[in-house]
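Participant: Numbering (the UniProt record's numbering), first residue to last: 1 to 89. Cβ coordinates follow ideal geometry from the N, Cα and C atoms, glycine included.
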Amino acid sequence: GEHFEESRFFRDTFTSKGAGGAVKREFSLRMLRWEDHSAVLNNRKCDDLFIIGEPSCDSLNTVDVNVEHLAVTSLREVKYVMGVSNVYE
């Protein structure tokens, strides 16, 4: 939707057991556009943060956060780097 809800963004993922006892997660990754909602990342810290592109993140508190900068230029590159796709074009 058009309205961002911080509580929904940080909610726990739904998990269930699939065939063979494998755990299935509703999601494993949260994505947020820096220009629109950057302040929420200082409200509740994560363990690992991947910054895609080159936004100015000077206001971000990164104490005790593992930060990785990915200088990619397309969604295809993001998918490849994150392991969603095995094809790099």
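1. Pull the bridge partners of E68 from the DSSP assignment, please.
2. Going by C-alpha to C-alpha distance, which of G20, E54, S74 and A19 sits closest to E35?
3. Taking C-alpha atoms, which residue in L70, M82, A22 and F10 lies nearest to I51?
4. Going along the chain, which residues of its own chain have a beta-carbon closer than 6 angstroms to the beta-carbon of N61, five neighbours each way excluded?
5. Would DSSP call R44 helix, strand or coil?
6. So what's V23 in DSSP terms, helix, strand or just coil?
7. CA-CA distance, L75 and V81?
8. Below 8 angstroms on the Cβ atoms is my guess for F10 versus R44; work out the distance and round it to an integer in Å.
9. Determine the extent of the alpha helix (DSSP H) in which S16 is found, giving its start and end residues.
Facilitator: Answer, in terms of the structure:
1. Numbered from 1 along the sequence shown, position 68 holds the residue referred to as residue 68. Note: E68 sits in a beta bridge opposite F50.
2. Residue numbering aside, residue 35 sits at position 35 when the sequence shown is read from its first letter. Residue E54 is the option with its Cα nearest to E35.
3. Against the sequence shown, residue 51 aligns to sequence position 51. Selected option, being the one with the closest Cα: L70.
4. As a working note, residue 61 is residue 61 in the sequence shown. Same-chain partners within the cutoff: N42.
5. Here residue 44 refers to the residue found at position 44 of the sequence shown. Of the three classes helix, strand and coil, the one that applies to R44 here is coil, per DSSP.
6. Working through the sequence shown from its first residue, we reach residue 23 at position 23. DSSP places V23 in strand when its eight states are reduced to three.
7. In the sequence shown, the residue the question calls residue 75 occupies position 75. In the sequence shown, the residue the question calls residue 81 occupies position 81. Each residue's Cα considered, the two are about 10 angstroms apart.
8. If you number the sequence shown from 1, residue 10 lands on position 10. If you number the sequence shown from 1, residue 44 lands on position 44. About 6 angstroms separates the beta carbon of F10 from that of R44, a gap short enough to meet the 8 angstroms contact definition.
9. Within the sequence shown, numbered from 1, the residue matching residue 16 stands at position 16. Unbroken run through S16 is the beta strand (DSSP E), T15 to K17; no alpha helix (DSSP H).
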